[in-house]
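Numbering (this note's numbering), first residue to last: 352 to 839.
Notes for the one structure printed next.
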RNA sequence: GGGUCGAUAGCUCAAUGGUAGAGCAGCGUCCUUUUAAGUCGUUGGUUCUGGGUUCGAAUCCCAGUCGACCCA
């Protein structure tokens with residue numbers, strides 16, 4: 352290879368390129384196709400029988416992450432899906448030629464080995480290697496071995512490196528998979544049906560958010576990326592799918608922050624012949640079984656406050672208006688004029704936009720002063736009717752809704768409604784909300800409602816935020832494999 | 001969008017405006033039960049980019065790129 356300079360010892364990429372070229376020149380395939388493993392690392396560790404050395408044979412494969420070279424023998428470790436396992440490679444076991452070849456392996460290479468299990472004198476179950484193969488040559492070096500990768504930009508852009516060298520990242524992201532998996536099992540055992548609804552929509556409804564726009568060439572029309580799955584899932588209620596859910600990617604064309612990624616994952620679940628009270632029981636069961644079965648504890652440390660969040664005890668229930676009255680110290684808050692509310696909010700140190708409606712001023716107090724302090728699981732019920740146009744009014748108080756917002760760890764985790772199924776009431780709400788922009792009303796959804804939707808409870812669960820909470824992460828980026836960044 | 005902070009070897013980090021260093025990794029040596037293995041030696045830099053100030057800039061100034069945090 353004439354394009355490789357003579358002294359390349361300082362350039363790890365060039366050194367590895369040279370090794371690759373040497374392997375090929377010697378007729379070895381550095382990217383071998385087939386190696387059959389018998390065990391993952393964790394399974395192999397369990398397969399060792401106490402007191403019986405070299406009795407069990409295993410074939411394991413993974414990335415070389417530790418090399419401790421002692422001349423004619425080496426202890427090395429490989430990493431696979433289940434973690435690390437130590438290998439003992441001995442010259443007089445594998446033979447001179449194989450040992451020479453093995454010495455050329457680099458940290459980061461992916462290898463497969465076959466051998467027997469034994470316990471070292473320090474008590475670590477280890478594979479005594481009899482055969483080994485290079486399965487994939489790594490041409491780039493791994494990050495440093497005990498500080499790992501800490502540059503946040505590289506952690507997010509090259510997540511594959513982060514999860515190789517940072518065990519806590521690996522564990523956190525694997526925990527997310529188990530959380531989602533638990534949700535599916537939980538709902539399926541309660542006879543909920545998982546469905547998939549369109550991401551490209553002609554009208555983006557079901558929430559108040561700015562959508563992404565894209566274009567379909569063949570049809571010659573613009574589409575929106577969905578901002579919620581709500582209106583599609585309700586159509587399925589009309590169609591007789593009485594218990595449905597979707598775990599789906601939602602897209603909102605808004606800011607990026609510690610709590611916001613432009614695409615995020617939401618569970619939406621709808622149950623016919625239930626209501627917001629039924630949803631309370633459902634989410635409580637879901638979260639307590641999640642804690643018990645996945646985390647193995649019903650107490651989780653809340654990073655921001657240092658408090659322990661207790662999922663096992665009583666869950667507080669409080670009316671939105673009562674919380675606002677208590678926070679403002681004003682029993683007559685909802686009877687005050689808008690000017691009075693604005694003055695009081697500003698006195699609390701909040702910035703109030705001139706164009707805001709009455710309820711928006713109040714809600715600013717809720718989201719800035721009340722919600723962040725709801726650390727223990729709290730159902731905030733009976734929100735003002737202006738806040739959710741898709742829910743039923745409270746029968747004995749037409750200014751509020753039969754809804755709750757479950758807040759935990761100072762975050763809104765799950766809103767739930769007694770779903771509006773009166774097509775005329777729903778149209779009136781849409782029209783009030785749309786104002787001049789009547790073309791944004793989802794007429795097809797209203798048509799579906801006119802066919803009759805069973806009374807139902809419905810709920811959305813922000814999975815990313817739930818994962819922040821349950822994994823103790825500081826940012827949404829830590830629970831999303833590839834968070835959105837500006838292209839580099 | 002605004003403010004604050006940051007970017008130096010593959011990685012983690014040092015360096016009063018005065019010769020850019022360390023650990024790990026790499027390269028070469030010794031070592032057949034190591035645990036951040038040890039040992040001896042050693043290579044490696046467009047200091048994010050572009051301007052400016054200065055006898056002299058990683059360092060000071062301006063602009064930009066990317067990121068983090070806070071605010072909107």
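Glycine included, every Cβ here is placed at the ideal spot set by N, Cα and C.
Here the structure is a predicted model, which means the values were calculated and not measured.
Among the options, which one has its Cα closest to the Cα of residue i?
i: residue 670; options: 613, 812, 753 and 369; result: 753
i: residue 424; options: 834, 814, 494 and 481; result: 481
i: residue 373; options: 452, 773 and 644; result: 452
i: residue 822; options: 748, 505 and 642; result: 642
i: residue 434; options: 486, 416, 422 and 786; result: 416
i: residue 528; options: 832, 838, 837 and 839; result: 832
i: residue 465; options: 508, 426 and 407; result: 407
i: residue 455; options: 485, 531, 720 and 655; result: 485
i: residue 685; options: 522, 711 and 617; result: 711
i: residue 681; options: 668, 690 and 695; result: 695
i: residue 439; options: 457, 704 and 470; result: 470
i: residue 535; options: 391, 618 and 515; result: 618
i: residue 624; options: 609, 610, 632 and 593; result: 593
i: residue 769; options: 697, 795 and 620; result: 620
i: residue 405; options: 566, 414, 553 and 395; result: 395
i: residue 729; options: 522, 545, 638 and 431; result: 638
i: residue 799; options: 775, 477, 714 and 412; result: 775
i: residue 677; options: 733, 657 and 717; result: 717
i: residue 461; options: 389, 596, 383 and 567; result: 383
i: residue 636; options: 666, 656 and 609; result: 666
Give me whichever residues DSSP pairs with residue i in a beta bridge.
i: residue 489; result: For residue 489, which the question treats as bridged, DSSP gives no partner whatsoever.
i: residue 567; result: 572
i: residue 661; result: 650
i: residue 667; result: 729
i: residue 597; result: 619
i: residue 608; result: 611
i: residue 544; result: 595
i: residue 382; result: According to DSSP, residue 382 bridges with nothing at all.
i: residue 755; result: 732 and 767
i: residue 685; result: Residue 685 pairs with nothing; no bridge assigned.
i: residue 551; result: 576
i: residue 742; result: 770
With a CB to CB cut of under 8 Å and the five nearest residues on each side skipped, what residues in its chain are close to residue i?
i: residue 871; result: Summary: the structure shown does not reach residue 871, with the chain confined to residues 352 through 839, and so no result is reported for it.
i: residue 445; result: 453, 480, 481, 482 and 483
i: residue 352; result: For residue 352, the predicted structure reports a pLDDT of 35, less than 50, and the residue's modelled location is therefore unreliable. The matter cannot be settled from this model.
i: residue 310; result: Residue 310 is absent from the structure shown; the chain starts at 352 and stops at 839.
i: residue 387; result: 410
Just to confirm my understanding: we take residue i, look at its own chain, exclude 5 residues before and 5 after, and list those with CB closer than 6 Å. What are they?
i: residue 762; result: 816
i: residue 650; result: 659 and 661
i: residue 767; result: 627, 630, 755 and 810
i: residue 689; result: 709
i: residue 579; result: 557 and 558
i: residue 706; result: none
i: residue 362; result: none
i: residue 740; result: 780 and 784
Quick check on the DSSP output: the alpha helix (DSSP H) that includes residue i runs from which residue to which?
i: residue 532; result: 518-540
i: residue 818; result: 814-822
i: residue 679; result: 671-679
i: residue 358; result: Segment: none, residue 358 is in no alpha helix (DSSP H) and carries neither H nor E.
i: residue 709; result: 709-716
i: residue 508; result: 503-508
i: residue 690; result: 689-698
i: residue 629; result: 627-641
i: residue 392; result: 392-398
i: residue 370; result: 363-376
i: residue 581; result: 581-589
Leaving out five residues before and five after residue i in sequence, what residues of the same chain have Cβ atoms less than 7 Å from its Cβ?
i: residue 778; result: 797
i: residue 844; result: Given a span of 352 to 839 for the chain in the structure shown, any question on residue 844 remains unanswerable.
i: residue 531; result: 598 and 814
i: residue 819; result: 827 and 830
i: residue 750; result: 735 and 736
i: residue 783; result: none
Would you give the residue range spanned by the beta strand (DSSP E) that residue i belongs to?
i: residue 619; result: 614-623
i: residue 752; result: 748-752
Checklist entry - In the region 757-838, which residue ranges form an unbroken alpha helix (DSSP H) of at least 4 residues, counting only runs that do not cross its ends? => result 774-785, 794-801 and 814-822
Item to check | In chain order, each beta strand (DSSP E) run of at least 3 residues that lies wholly inside the region 406-491 | outcome: 408-420, 424-431, 434-441, 461-470 and 476-487
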